[in-house]
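K.L.:
Encoded as structure tokens, here's the structure I'll be asking about.
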Amino acid sequence: MKNDNLYALLEAHFPRDVGAPCLRTADGLVYSWRDLQYGSARMAGWLRSLQLTPDADGAPPRVAVQVEKSPEALMLYLATLRAGLVFVPLNTAYQRAELEHFLRDAAPAVFVCAPEREEELRPLAQAAGVAHVATLGEARNGSLLAAAAPFPDTFDTVPRAASDLAAILYTSGTTGRSKGAMLSHGNLAANALVLDEFWGFKEEREAGGHDVLLHALPLFHVHGLFVASHAALLAGAQMIFLRKFDAREVIKWLPQATVFMGVPTYYTRLLAEPGFDRHVCRNMRLFISGSAPLLPETHKAFYRRTGHVILERYGMSETVMLVSNPYFGIAVRDRIAGTVGVPLPGVSVRVVKEDGTPCAVGEIGQVEVKGPSVFSGYWRMPEKTAEDFTPDGYFKTGDVGHFGGPGRPDNYLTLVGRAKDLIISGGYNVYPKEIEGYIDQMEGVAESAVIGLPHPDFGEAVAAVVVGKPGAELQEAQIIARLKQTIANYKVPKRVFVVDELPRNAMGKVQKNVLRERYAKTFAA
Ligand code: MLC
Numbered sequence: 148m149k150n151d152n153l154y155a156l157l158e159a160h161f162p163r164d165v166g167a168p169c170l171r172t173a174d175g176l177v178y179s180w181r182d183l184q185y186g187s188a189r190m191a192g193w194l195r196s197l198q199l200t201p202d203a204d205g206a207p208p209r210v211a212v213q214v215e216k217s218p219e220a221l222m223l224y225l226a227t228l229r230a231g232l233v234f235v236p237l238n239t240a241y242q243r244a245e246l247e248h249f250l251r252d253a254a255p256a257v258f259v260c261a262p263e264r265e266e267e268l269r270p271l272a273q274a275a276g277v278a279h280v281a282t283l284g285e286a287r288n289g290s291l292l293a294a295a296a297p298f299p300d301t302f303d304t305v306p307r308a309a310s311d312l313a314a315i316l317y318t319s320g321t322t323g324r325s326k327g328a329m330l331s332h333g334n335l336a337a338n339a340l341v342l343d344e345f346w347g348f349k350e351e352r353e354a355g356g357h358d359v360l361l362h363a364l365p366l367f368h369v370h371g372l373f374v375a376s377h378a379a380l381l382a383g384a385q386m387i388f389l390r391k392f393d394a395r396e397v398i399k400w401l402p403q404a405t406v407f408m409g410v411p412t413y414y415t416r417l418l419a420e421p422g423f424d425r426h427v428c429r430n431m432r433l434f435i436s437g438s439a440p441l442l443p444e445t446h447k448a449f450y451r452r453t454g455h456v457i458l459e460r461y462g463m464s465e466t467v468m469l470v471s472n473p474y475f476g477i478a479v480r481d482r483i484a485g486t487v488g489v490p491l492p493g494v495s496v497r498v499v500k501e502d503g504t505p506c507a508v509g510e511i512g513q514v515e516v517k518g519p520s521v522f523s524g525y526w527r528m529p530e531k532t533a534e535d536f537t538p539d540g541y542f543k544t545g546d547v548g549h550f551g552g553p554g555r556p557d558n559y560l561t562l563v564g565r566a567k568d569l570i571i572s573g574g575y576n577v578y579p580k581e582i583e584g585y586i587d588q589m590e591g592v593a594e595s596a597v598i599g600l601p602h603p604d605f606g607e608a609v610a611a612v613v614v615g616k617p618g619a620e621l622q623e624a625q626i627i628a629r630l631k632q633t634i635a636n637y638k639v640p641k642r643v644f645v646v647d648e649l650p651r652n653a654m655g656k657v658q659k660n661v662l663r664e665r666y667a668k669t670f671a672a
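So for the sequence shown, this note's numbering puts the first residue at 148; every next one is plus one.
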């Protein structure tokens, strides 16, 4: 019987010589493909020994993970797949209040956290009904590895159907509460296979080349966990696994790499380093950018400095990758700055007006998508899911854009904005409503408006405009300090402006556009 478990697909592509290096770390550790197989088998054995059972509604047990990046963290992801369980990765920046929501909502059977946070988080997990808590540190420390050690280094990957749930990815919510996007083994496999061809991994492999992916992204979001890791695992390509992005560290390792993926902030930070030049990039075949808009200036400056044309692509947690500039066709005229490229094979993308009728080429409208990598819905939110899909099965992305336009082929998509009130800071999504909720609860605050402002490093940065209650003396530093104790640091406003009132239109709605204009130069370079 064919096993549609994603791990089975990835493993089938491992190189014949499983003793060959698969992962290298900055500390000089080398893991072979066999290490990955053995390590994930032992962890899968441990997970199986917990004898977890599906929920009453048939939902398979979830494994929630909030750990720093390490080869063992990648093994834990693969082990979860192998055991037929559902992986729920969580940003390491999330604090108690955020984690409490995720643990209650996803109701995992297992929670793996950093050893340093166990004391704080174990009671939180237990209160949320989590049965098993283990720890995994970035230096192979913590209770998970000890628990997994006695288990065999082989494990028969549990059979899964393509439609079975593989992962739940939490995305910030417009209403303040994060929603879990449900991705199946089939969603992830379909996307990995398409990208293998579209980005030239397959051709490179078949021509006898040896791709090396320099992996600097975090491992808890779509970009680093699925797009980057799956690409390398499926290609049988080695990964240089950096704990986090650091421009100088990346420059040090780039000469040994052929492919790099990052958010625009990575590219602007690389360009800010005088040592970043053609020589450093001499073995590279591909730089990919995504998760946030890449400024055409960055695209051009990168080409001038390195001779490489960054390939910009577009996707999201709910859909994995949708649209990409071409790989085959490396000229500037093929990878067009400011566009996200053409729909990937098998993906249907349409741009529609408010009433759902199609826009003409060049006309701006809502972007809707359908395809094998598009998720089946939000975890235990049937109403929200129904709202976000059209009757004919397209997902409403919330992004606004157009096909074609002056000087651009008709099949190239350009994104111009977002229908949903979303800020993207350094590649992380932040919903103003969530932050406003926290500020409005503070003593002395009457109301607040959270906005995104242009920022030279993060693309956009979060800022808040706050009105105090009569007699209250609000202070910027205090508000920021309070928020830092409560929410992930990338969501905390970098500036807070205390004002007497918020500008409103005739309907009484806060005019955020007026605020964005008023404070536009706050972070000017
Ligand atoms: C860190 N900070 C941020 C931030 N990251 N603030 C705003 N936006 C961010 N993205 C905070 C820090 O906590 C610190 O706060 C201050 O800003 C400066 O920190 P830093 O040292 O400069 O930050 P650094 O650790 O270097 O992190 C920046 C970064 C990181 C850009 C390297 O944010 C990053 O790796 N981003 C990638 C995000 C990503 O993987 N996105 C993919 C999502 S998937 P303080 O207060 O302590 O000074 C997706 C789908 C798709 O979107 O299509 O890909």
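Ideal placement from N, C-alpha and C gives every residue a C-beta, glycine not left out.
1. Among Ala448, Gln403, Ile398, Ala593, whose alpha-carbon lies nearest the alpha-carbon of histidine 357?
2. Going by other Cβ atoms of all chains shown within 10 Å of its Cβ, with 16 needed for buried, is proline 538 buried or exposed?
3. Taking 7 Å as the line, does the beta carbon of proline 579 fall inside it for any heavy atom of ligand 1?
4. Taking DSSP as the reference, what is the three-state secondary structure of alanine 188?
5. With burial defined as no fewer than 16 other Cβ atoms inside 10 Å of the residue's Cβ, what is the status of alanine 378: buried or exposed?
6. Should the region 502 to 517 be called in touch with the region 326 to 337, which here means at least 3 C-beta pairs below 8 Å?
7. Kindly list the residues whose CB is nearer than 6 Å to the CB of glycine 606, restricted to its own chain and excluding five residues on each side of it in sequence; keep chain order.
8. Using alpha carbons as the reference points, say which of Gly488, Leu197, Glu285, Ala159 lies closest to phenylalanine 674.
9. Can you tell me whether glutamate 219 is buried or exposed, with buried defined as 16 or more other CB within 10 angstroms of its CB?
10. State yes or no: is the C-beta of alanine 375 nearer than 7 Å to some heavy atom of ligand 1?
11. Are the beta-carbon atoms belonging to arginine 302 and alanine 159 less than 8 Å from one another?
12. Mind checking threonine 405: buried by the 16 CB within 10 Å criterion, or exposed?
13. Which residue comes first and which comes last in the beta strand (DSSP E) that contains glutamate 158?
14. Which value, in whole angstroms, describes the spacing of the CA atoms of tyrosine 413 and glutamate 265?
15. How would you label histidine 426, buried or exposed, when you count the other beta carbons within 10 angstroms and need 16 or more for buried?
16. For phenylalanine 258 versus valine 233, is the C-beta distance shorter than 8 Å?
17. Which whole-angstrom value describes the C-beta separation of isoleucine 457 and leucine 442, a residue pair presumed to lie in contact below a C-beta threshold of 8 Å?
18. Which class does isoleucine 315 belong to by DSSP, given the choice of helix, strand or coil?
19. Which same chain residues end up closer than 8 Å to lysine 391 when comparing Cβ atoms and leaving out the 5 residues on each side of it in sequence?
20. Quick one: measure Cβ to Cβ for leucine 418 and arginine 452, integer angstroms, because I've assumed they're closer than 8 Å.
21. Report the CB separation of isoleucine 634 from tyrosine 585 in whole angstroms; it is logged as a contact under 8 Å.
22. Kindly provide the ranges of any beta strand (DSSP E) runs that are 3 or more residues long and lie completely inside the region 482 to 523, ordered along the chain.
23. Is serine 523 near valine 467, with beta carbons less than 8 Å apart?
24. Once you ignore the five residues that flank glycine 564 on each side, which residues in its own chain have a CB closer than 6 Å to its CB?
25. Nearer than 7 Å: is that true of the beta carbon of proline 529 relative to any heavy atom of ligand 1?
26. If you follow the beta strand (DSSP E) that glycine 655 is part of, which residue opens it and which one closes it?
27. In its own chain, which residues sit with a C-beta less than 6 Å from the C-beta of arginine 416, not counting the 5 before and 5 after it?
28. Let me make sure I understand the geometry here. Which of Gly618, Tyr559, Ser179 has the alpha-carbon closest to that of arginine 482?
29. Give a single yes or no on whether proline 365 has its beta carbon closer than 7 Å to a heavy atom of ligand 1.
30. Should proline 207 go down as buried or exposed, given a rule of 16 or more other Cβ atoms within 10 Å for buried?
31. For alanine 191, does the count of other Cβ atoms within 10 angstroms reach 16, so buried, or fall short, so exposed?
32. Can you tell me the Cα-Cα spacing of glutamine 184 and arginine 171, whole angstroms?
33. Does the region 175 to 184 come into contact with the region 235 to 249, if we say contact requires no fewer than three beta-carbon pairs (one atom in each stretch) closer than 8 Å?
34. What beta strand (DSSP E) runs, 3 residues minimum, are completely inside the region 542 to 578?
35. Is the beta carbon of arginine 591 sitting closer than 8 Å to the one on lysine 616?
36. For glycine 462, which beta-bridge partners are listed by DSSP?
P.N.:
By the coordinates alone:
1. Gln403
2. So proline 538 counts as exposed.
3. no
4. helix
5. Label assigned to alanine 378: buried.
6. no
7. Pro411, Ala439
8. No statement about residue 674 is possible, as the shown extent of the chain runs from 148 to 672 and does not include it.
9. buried
10. The beta carbon of alanine 375 sits no closer than 7 Å to any heavy atom of ligand 1.
11. The displayed chain sequence assigns phenylalanine, not arginine, to residue 302. Contact: no.
12. buried
13. Element bounds for glutamate 158: not the beta strand (DSSP E) but the alpha helix (DSSP H), 153 to 159.
14. 31 Å
15. exposed
16. no
17. 11 Å between Cβ atoms; not a contact.
18. strand
19. Lys216, Ala363, Pro365
20. 6 Å
21. 6 Å
22. As far as the region 482 to 523 is concerned, its whole beta strand (DSSP E) runs of at least 3 residues are 495 to 499, 512 to 517.
23. no
24. Val547
25. no
26. From DSSP, glycine 655 is part of no beta strand (DSSP E); its letter is neither H nor E.
27. Within the same chain, Cβ atoms closer than 6 Å to the Cβ of arginine 416 are found at Ala394, the five residues on either side in sequence being excluded.
28. Here the closest residue by C-alpha is Tyr559.
29. Result yes, Cβ under 7 Å from ligand 1.
30. buried
31. buried
32. 16 Å
33. no
34. You should have 542 to 550, 560 to 565, 570 to 572, 575 to 577.
35. One point to set straight first is that residue 591 is glycine, not arginine, in the sequence displayed. In this structure, glycine 591 lies near lysine 616, with their beta-carbon atoms less than 8 Å apart.
36. Met468
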